[in-house]
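Peer 1: Heads up, the sequence shown is in the UniProt record's numbering, so the first residue is 1 and it goes up one at a time.
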Amino acid sequence: MPSVSAPLELEVISRLPAAQSERPPLLFVHGAFTAAWCWQEHFLDWFASRGYPSYALSLRGHGGSAGREQLTWTRLADYVTDLSEVAVGLGERVVLIGHSMGGMVVQKYLERGVGHGAVLMASVPPTGLMSSNLQMLMRDPLLWSEMSVITAAGPKYGSMETARKALFSNDVPDEIVARLLERAQPESQRVLVDLNWADLPAVPLVARTPMLVLGARNDALVPVSDVQLTAQLYGAESEIFEGMAHAMMFETHWELVAQRIDRWLLERKL
C-alpha cells in the first residue's frame, strides 16, 4: 500500500448554474503537466450553462494548489487523496471527469467503491502506459524521444512542433498551442512511474461504477486500442472521436465531446 501524505490546500475553480438545478455536480480532474485551468477554456462554462454545478481541481503541486516543492516525489496515491478531499465535499452524486493522467486518478479513487459515475477522456488505461509508450516508440521514434526529454526535464524543453504533434489536431490555432505550452508545468517523476506500472487500479472494484470512456482517433499518446481496452475491461460505453487528438478539451470540435458527456449523463439519469 503506497504511503500517502496529509491533505494540502487545493485550488478548486467553480462555475455554478444561474438557477437551482437537479443535475449532479461535476468534478473535472486534469492531466499531467497542467492544472484546473485547462477546463476553464470551454468545459466549465458549457456544463454550468446546462445546469451542472461544475468544479475543476488542481492536484497538489499544480496550478494554485500547495505542494509544488514536494512535487517530484509526490505519488499517485497523493493525487487520489486530493481528489477524495474535494469529491467528498461535493456529495454522493458527484460525477468525476478525468483527462489523461486525471483519468487514472479517477480510476484509483473508484477502487474505494464511492463512485456515482465517471467519464474517462483520453485516459491512461488500467493496464498502465507501457503499451502506449512502446507503440509511440515504434510509430514515431522522434516524438517518443522528444516526449522522453519533456517527461524527464519538464515542458520548458518542449517546442510548438512537439506540442502540436503530441496533443493537437492540425486545425487547432497556433495561439492555443502556444498558450498551453506557456502554462505547462513540471510533473511528478514518481507519478509517471506509477502510471507505467507501479500503482495500477483493481479493475473489478472500479468496474462497479457507471462509466463512459472517450478517446480520439489521432491521439499520439493514448492510442485507440488502449481506449477500447479500457472500455472492455470496465464494461463501459465508449466512443472514439474522429479527427481529434489528445487534448480533447482544447480541440476545435470540443463541443462534440461535451455533448456526448451530457447525453450520457441524461441517459443514465445520474
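Cβ coordinates follow ideal geometry from the N, Cα and C atoms, glycine included.
#1: Ignore the nearest five residues each way along the sequence and tell me which others in T72's own chain have a CB closer than 8 Å to its CB.
#2: For H42 and H253, I'd like the C-alpha separation in whole angstroms.
#3: Whose C-beta lies closer than 7 Å to the C-beta of D202 among residues of the same chain, with five residues either side of it excluded?
#4: Among A245, M244, L221 and L214, which one has its Cα closest to the Cα of T230?
#5: Alpha carbon to alpha carbon, how far is L129 from W144? Give it in angstroms, no decimals.
#6: Taking the alpha-carbon of A220 as reference, which of M104, L59, L212 and L142 has the nearest alpha-carbon?
#7: Near residue 278, what residues of its chain come up, given a Cβ to Cβ distance below 8 Å and the 5 sequence neighbours on each side ignored?
#8: Under 8 Å: do the segment 167 to 174 and the segment 152 to 159 share three or more Cβ pairs, one atom per stretch?
#9: Taking the C-alpha atoms as reference points, what is the distance between A36 and E242?
#10: How would you write the range of the beta strand (DSSP E) that Y55 sits in, first residue to last?
#11: Which first and last residues belong to the alpha helix (DSSP H) in which H103 is found?
#12: Would you report the Cα separation of H246 and L8, rounded to the nearest angstrom?
#13: Cα separation between W197 and P125?
#14: To the nearest angstrom, how far is the alpha carbon of T74 from that of E255?
Peer 2: Once the coordinates are examined:
#1: P186, S188, Q189 and R190
#2: 11 Å
#3: With the sequence shown as reference, residue 202 is identified as Ala, and Asp is not the correct amino acid for it. E111, listed in sequence order.
#4: L214
#5: 13 Å
#6: L142
#7: The structure shown has nothing for residue 278, since the chain only spans 1 to 270.
#8: no
#9: 26 Å
#10: S54 to L57
#11: Looking at the sequence provided, one finds Gly at residue 103 rather than His. Counting along the chain, the alpha helix (DSSP H) containing G103 begins and ends at M101 to L110.
#12: 29 Å
#13: 11 Å
#14: 33 Å
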